[in-house]
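Engineer:
Protein chains in written order, with this note's numbering: chain G, 162 to 421; chain A, 121 to 504.
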């Protein structure tokens with residue numbers, strides 16, 4: 162069984178700063194880590210491989226230094242890694258990113274499963290995983306907290322909901338995005354770290370992918386960031402006490418005063 | 121200070137630091153209280169390949185030397201000297217096999233120890249034979265193709281939890297120290313049982329038990345080295361293991377120093393963090409200087425051993441003596457920096473002070489270390 166894990170290198174969230182002029186993240190001097198939710202996807206892929214055999218491949222789209230994230234994935238037990246990197250991909254939004262990653266996955270050939278973290282800690286959109294499955298036209302299950310079984314071309318998984326969880330059956334190949342409840346990511350091993358150091362990372366450029374060039378990067382990204390700001394801290398509310406009729410009347414007045 | 125570690129040593133240090141912070145520190149207080157053996161941590165260390173750091177690659181290890189064990193022990197001990205002892209004591213138990221084992225013995229025992237599937241222990245001490253190892257009462261009588269062991273050992277670290285034991289017994293009492301022999305024993309051998317588990321001041325996550333031998337039959341191929349070499353096996357083992365105890369002490373001290381600096385910046389008295397007071401600053405400065413000096417001596421000693429130098433006893437003893445005295449001093453001062461909070465169990469300062477004490481006692485008391493050093497000095501002088 163071939164499993165593909167899509168990961169993203171993100172700034173360590175404790176240090177995030179925004180450039181107010183460009184509305185983008187300040188990345189200089191900020192330590193990069195694997196998106197924490199992707200760590201669960203990596204761990205799950207390694208566990209599935211240990212149980213069912215097969216091959217695991219980590220894929221990331223990003224600048225050349227995203228290679229470090231791939232090496233870390235290898236140190237945790239991932240077999241192979243692909244860096245999708247090209248100036249043509251710069252400025253990609255979630256649509257262009259998922260289109261590009263889907264093209265990279267197609268190039269890798271046969272697979273049974275794609276695993277992603279539920280969302281990235283920097284963008285928080287949770288769109289890229291579902292986007293990849295849409296571009297590839299395969300089923301997706303999001304917020305997976307347990308993979309119960311994977312056999313005879315069918316996956317049975319538990320999808321977390323606000324009230325509890327659904328049990329979902331889906332044909333393979335499919336894409337799953339996972340939540341932190343699914344496992345506890347392992348600490349890398351020394352032998353894994355050494356293997357990671359010397360592992361060969363495949364590089365996919367725009368030209369190597371079978372895709373429409375105008376759907377890549379900034380050109381292929383309809384999203385526009387108009388403004389980025391920290392939400393204002395909410396001020397304390399007001400409490401209206403006394404008989405219900407009086408309080409309700411006061412609240413209605415307040416609402417009326419706020420309406421345009 | 122930059123000790124010019126190589127890439128693999130840095131990898132070991134960073135990985136151990138991660139395990140110490142993420143996996144050991146959060147559970148250290150619990151294990152100190154419950155005295156349970158830290159099997160979940162053993163599993164994490166095993167998965168991370170750490171039990172193999174200083175075992176040759178031919179036996180499934182990573183091929184490092186004493187320095188690699190020291191780096192790992194130091195980093196892990198920063199979070200808990202007691203939990204780390206399951207690792208360090210396993211090295212003490214396998215060191216004699218590394219040093220004196222035959223090819224067959226190494227092939228049989230080292231791969232499982234390198235993988236962390238099994239732990240090892242070293243058993244010399246008896247109620248009447250502590251510093252004076254020649255007073256060992258446990259006997260081993262040859263009977264055909266095996267030896268029959270009778271007697272008991274006590275204060276054995278990893279005792280009962282380890283699978284592989286190196287035990288020193290007297291094969292010829294009339295010869296004194298030269299009548300001692302080292303045997304490899306396996307848990308489950310007929311006549312090999314365990315006695316009481318000790319209730320200790322510190323390192324409470326580590327198990328310390330009695331080993332009892334009642335007509336325990338050990339095949340003669342389980343002798344390490346030759347009959348009569350038990351005392352040499354013991355001394356040579358301590359030569360390479362003492363930097364490890366020193367590193368445990370160093371880790372405990374370094375952990376205490378770090379937490380004391382952090383606390384002193386947070387604790388406000390007279391309207392200022394206490395780190396702004398000279399009385400505290402000078403204590404922290406002395407603690408840091410002692411810790412760094414201990415580290416320098418340990419690393420230099422470990423490198424000397426790894427280079428193949430022969431006469432290392434003096435330096436191993438110095439490293440163990442100095443680092444453990446530093447640990448006692450620094451952890452005591454850390455409690456002082458924490459003030460009243462240092463004395464209560466809600467904060468880790470008092471635990472480090474309890475954990476530090478044993479490092480001045482085991483693997484040869486610091487008085488014995490001084491005797492080893494002095495004897496060597498006198499010998500060197502006599503040679504001229």
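The beta-carbon is built from N, C-alpha and C at its ideal position, and this holds for glycine as well.
Nothing here was measured: the structure is a model prediction, and the numbers come from that model.
According to a CB-to-CB cut-off of less than 7 Å, which residues of the segment 200-212 of chain A neighbour chain G?
Structural biologist: Cβ contacts with chain G come from no residue of the segment 200-212 of chain A.
Engineer: Where does residue 252 of chain A sit, in a helix, a strand or coil, going by DSSP?
Structural biologist: On the second chain, position 132 is the one that residue 252 of chain A refers to. Looking at residue 252 of chain A - three-state DSSP - the assignment turns out to be coil, as it is neither helix nor strand.
Engineer: Would you call residue 405 of chain A buried or exposed, if buried means 16 or more other Cβ atoms sit within 10 Å of its Cβ?
Structural biologist: Your numbering for residue 405 of chain A matches position 285 in the second chain. Result: exposed.
Engineer: Does the Cβ-Cβ distance between residue 443 of chain A and residue 464 of chain A come in under 8 Å?
Structural biologist: Taking the second chain and counting its residues from 1, the one referred to as residue 443 of chain A is at position 323. Taking the second chain and counting its residues from 1, the one referred to as residue 464 of chain A is at position 344. Cβ atoms of residue 443 of chain A and residue 464 of chain A: not closer than 8 Å.
Engineer: For a cutoff of 8 Å on Cβ pairs, would you count residue 383 of chain G as touching chain A?
Structural biologist: Here residue 383 of chain G corresponds to residue number 222 of the first chain, with the count starting at 1. Judged by the 8 Å Cβ criterion, residue 383 of chain G is not in contact with chain A.
Engineer: In the DSSP assignment, what are the bridge partners of residue 270 of chain A?
Structural biologist: Start at 1 with the first residue of the second chain, and residue 270 of chain A comes out as number 150. The partner list for residue 270 of chain A (beta bridge, DSSP) reads A:259.
Engineer: Less than 8 Å between the beta carbons of residue 157 of chain A and residue 207 of chain A, yes or no?
Structural biologist: Taking the first residue of the second chain as position 1, residue 157 of chain A is located at position 37. Taking the first residue of the second chain as position 1, residue 207 of chain A is located at position 87. No. Outside cutoff.
Engineer: So, at 6 Å on beta carbons, what are the nonlocal neighbours of residue 482 of chain A in its own chain, with the 5 sequence-adjacent residues on each side left out?
Structural biologist: Numbered from its first residue, the second chain carries residue 482 of chain A at position 362. Contacts found: none.
Engineer: Please confirm whether residue 376 of chain G has its beta-carbon closer than 8 Å to some beta-carbon of chain A.
Structural biologist: Position 215 of the first chain, counting from 1, holds the residue named residue 376 of chain G. Taking Cβ atoms only, chain A never reaches closer than 8 Å to residue 376 of chain G, which makes this a no.
Engineer: Is residue 234 of chain A closer than 8 Å to residue 179 of chain A when the C-beta atoms are compared?
Structural biologist: If you number the second chain from 1, residue 179 of chain A lands on position 59. If you number the second chain from 1, residue 234 of chain A lands on position 114. The answer is yes: Cβ separation under 8 Å.
Engineer: Within 8 Å, do at least three Cβ pairs link the segment 243-256 of chain A to the segment 218-230 of chain A?
Structural biologist: At 8 Å Cβ cutoff, the stretches do not touch.
Engineer: Along the segment 332-355 of chain G, where does the CB come closer than 9 Å to a CB of chain A? Name the residues.
Structural biologist: Here the close residues are 347, 348, 349, 350, 351, 352, 353, 354 and 355.
Engineer: Which parts of the segment 288-337 of chain G are runs of the alpha helix (DSSP H), unbroken and 4 residues or longer, counting only runs that do not cross its ends?
Structural biologist: Listed in chain order, they are 289-297.
Engineer: Considering only C-alpha positions, which residue in the set A:229, A:413, A:430 and A:431 is nearest to residue 450 of chain A?
Structural biologist: For the purposes of this step, residue 450 of chain A is taken as residue 330 along the second chain, with counting starting at 1. Out of A:229, A:413, A:430 and A:431, A:413 has the C-alpha closest to the C-alpha of residue 450 of chain A.
Engineer: Cβ of residue 150 of chain G within 8 Å of Cβ of residue 203 of chain G?
Structural biologist: Summary: the structure shown does not reach residue 150 of chain G, with chain G confined to residues 162 through 421, and so no result is reported for it.
Engineer: Quick check on residue 248 of chain G: does DSSP put it in helix, strand or coil?
Structural biologist: For this step, residue 248 of chain G is matched to residue 87 along the first chain. Residue state, collapsed to three classes: helix.
Engineer: Nearest to residue 329 of chain G by alpha carbon, out of G:307, G:346 and G:375?
Structural biologist: The sequence position of residue 329 of chain G within the first chain is 168, counting from 1. The residue with the shortest Cα to Cα distance from residue 329 of chain G is G:307.
Engineer: Could you tell me the alpha carbon to alpha carbon distance between residue 188 of chain A and residue 367 of chain A, rounded to whole angstroms?
Structural biologist: Counting from 1 along the second chain, the entry for residue 188 of chain A is found at position 68. Counting from 1 along the second chain, the entry for residue 367 of chain A is found at position 247. About 11 Å.
Engineer: Would DSSP call residue 329 of chain A helix, strand or coil?
Structural biologist: As a first step, residue 329 of chain A must be located in the second chain, where it is residue number 209. Of the three classes helix, strand and coil, the one that applies to residue 329 of chain A here is strand, per DSSP.
Engineer: Nearest-angstrom Cα distance between residue 320 of chain A and residue 269 of chain A?
Structural biologist: Position 200 of the second chain holds residue 320 of chain A. Position 149 of the second chain holds residue 269 of chain A. Those two C-alpha atoms are separated by around 28 Å.
Engineer: Residue 197 of chain A: which of A:355, A:435, A:468 and A:125 sits nearest, CA to CA?
Structural biologist: Numbered from its first residue, the second chain carries residue 197 of chain A at position 77. Nearest of A:355, A:435, A:468 and A:125 to residue 197 of chain A, Cα basis: A:468.
Engineer: Using a C-beta to C-beta distance shorter than 7 Å, which residues of chain B count as neighbours of residue 169 of chain A?
Structural biologist: No chain B appears in the structure shown, which is made up of the protein chains G and A.
Engineer: Where do the ends of the beta strand (DSSP E) carrying residue 364 of chain G lie?
Structural biologist: Walking along the first chain from the start, residue 364 of chain G turns up at place 203. Here the beta strand (DSSP E) through residue 364 of chain G covers 363-365.
Engineer: Residue 179 of chain G to residue 380 of chain G, Cα distance in whole Å?
Structural biologist: What you label residue 179 of chain G is simply residue 18 of the first chain in a count that begins at 1. What you label residue 380 of chain G is simply residue 219 of the first chain in a count that begins at 1. Approximately 23 Å, taken between the alpha carbons.
Engineer: In the DSSP assignment, find the unbroken alpha helix (DSSP H) run with residue 436 of chain A in it and report its ends.
Structural biologist: One-based indexing of the second chain puts residue 436 of chain A at position 316. Where residue 436 of chain A is concerned, the enclosing alpha helix (DSSP H) stretches over 433-458.
Engineer: With distances taken from CA atoms, which of A:322, A:301, A:353 and A:258 is nearest residue 470 of chain A?
Structural biologist: As a first step, residue 470 of chain A must be located in the second chain, where it is residue number 350. Of A:322, A:301, A:353 and A:258, the residue nearest in Cα terms is A:322.
Engineer: Could you check the C-alpha separation between residue 243 of chain A and residue 347 of chain G for me, to the nearest Å?
Structural biologist: Position 123 of the second chain, counting from 1, holds the residue named residue 243 of chain A. Position 186 of the first chain, counting from 1, holds the residue named residue 347 of chain G. So the two alpha carbons sit approximately 34 Å from each other.
Engineer: Note the first and the last residue of the continuous alpha helix (DSSP H) segment covering residue 190 of chain A.
Structural biologist: Counted from its first residue, the second chain places residue 190 of chain A at position 70. From DSSP, the alpha helix (DSSP H) with residue 190 of chain A extends over 186-199.
Engineer: Relative to the alpha-carbon of residue 477 of chain A, which residue among A:441, A:136, A:503 and A:138 has its alpha-carbon at the smallest distance?
Structural biologist: Residue mapping note: residue 477 of chain A aligns to position 357 of the second chain, counting from 1. For the residues A:441, A:136, A:503 and A:138, the minimum Cα distance to residue 477 of chain A belongs to A:441.
Engineer: Under the DSSP definition of a beta bridge, which residues are partnered with residue 176 of chain A?
Structural biologist: As a working note, residue 176 of chain A is residue 56 in the second chain. DSSP output for residue 176 of chain A lists no bridge partner at all.
Engineer: Could you give the DSSP three-state label for residue 312 of chain A: helix, strand or coil?
Structural biologist: For the purposes of this step, residue 312 of chain A is identified with residue 192 of the second chain, where counting begins at 1. Of the three classes helix, strand and coil, the one that applies to residue 312 of chain A here is strand, per DSSP.
Engineer: Is residue 397 of chain A helix, strand or coil by DSSP?
Structural biologist: Counting from one through the second chain, the residue named residue 397 of chain A turns up at place 277. Reduced to three states, the DSSP call for residue 397 of chain A is coil.
Engineer: According to the neighbour-count rule (16 or more other Cβ atoms, all chains shown, within 10 Å of its Cβ), is residue 166 of chain G buried or exposed?
Structural biologist: Working through the first chain from its first residue, we reach residue 166 of chain G at position 5. It counts as buried.
Engineer: Go through its chain and collect everything with a Cβ distance to residue 342 of chain A's Cβ below 6 Å, but skip five positions before and after it.
Structural biologist: As a first step, residue 342 of chain A must be located in the second chain, where it is residue number 222. The residues are 303 and 304.
Engineer: With H, G and I counted as helix, E and B as strand and the rest as coil, what does DSSP make of residue 291 of chain A?
Structural biologist: Here the question's residue 291 of chain A lines up with position 171 in the second chain. Looking at residue 291 of chain A - three-state DSSP - the assignment turns out to be coil, as it is neither helix nor strand.
Engineer: Of the residues A:332, A:192 and A:296, which one's Cα is nearest the Cα of residue 247 of chain A?
Structural biologist: On the second chain, position 127 is the one that residue 247 of chain A refers to. Checked all of A:332, A:192 and A:296; the closest Cα to residue 247 of chain A is A:332.
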